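In our numbering, the protein residues as written are 8 to 225.
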């Protein structure tokens, strides 16, 4: 049962999210915050398992607050979902690099938002389809890196590259398991090995790596 902190500077949006989540079975809202500063304090005091984080707020914005919370969280850090009206490629990339586990728009249907909370709580990265397309477009227009004798992705086995590609495409471990006809536990092991070999600290960073390495091309 994930515990949730809701962060948004608009009281109507924030109270609406709190009411929605309080009515959802299996979810407990432990607090709310109206700014990045109060989110940092609340995250430290309440230790929520999942944080819904707005991007644009007065003072410290959502991305900076996300980075601060994850860098300073003792033990198991919370999973953070960026929930915003801004579906811009630069925000997607910044959010994932900051360690956010998901990026959704505020027009996401309630049932999908609740499902997203459970998905991210379980350790998967979740992006809206539009956000995935924005991220792909951003990486596609970047100049190609100079050729080198080796690339970090070369350390991966063919199966690990296949799994990482599907992670980059936004698929959960369960979805990848179905696609590759393997057990979820086996997929989890492959994902862990990919992250260890590539020195990645979060699944979100694995998504960014998959795009920037050219593993996700469609």
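Idealized CB from N, CA, C, for every residue including glycine. For clarity, every value in this text was computed on a predicted model and none was experimentally measured.
- With distances taken between CA atoms, residue 208 lies nearest to 107 out of 107, 167, 49.
- Burial state of residue 180 is buried, judged by a 10 Å Cβ sphere holding 16 or more other Cβ atoms.
- Relative to residue 61, the option among 47, 37, 76, 89 whose CA is nearest is 89.
- In this structure, 123 is the residue among 68, 123, 18 with its C-alpha nearest to the C-alpha of residue 11.
- The Cβ-Cβ distance between residue 49 and residue 40 falls below 8 Å.
- Rounded to whole angstroms, the Cβ separation of residue 33 and residue 8 is 5 Å, and the two are in contact under 8 Å.
- Rounded to the nearest angstrom, the gap between the Cα atoms of residue 191 and residue 183 is 8 Å.
- When 220, 83, 71, 64 are compared, the shortest CA-CA separation from residue 57 is found for 83.
- Residue 70 is a Cβ neighbour of residue 105, given a cutoff of 8 Å.
- Scanning the stretch 49-123 from its first residue to its last, the whole beta strand (DSSP E) runs of 3-plus residues come out as 57-60, 86-91, 109-112.
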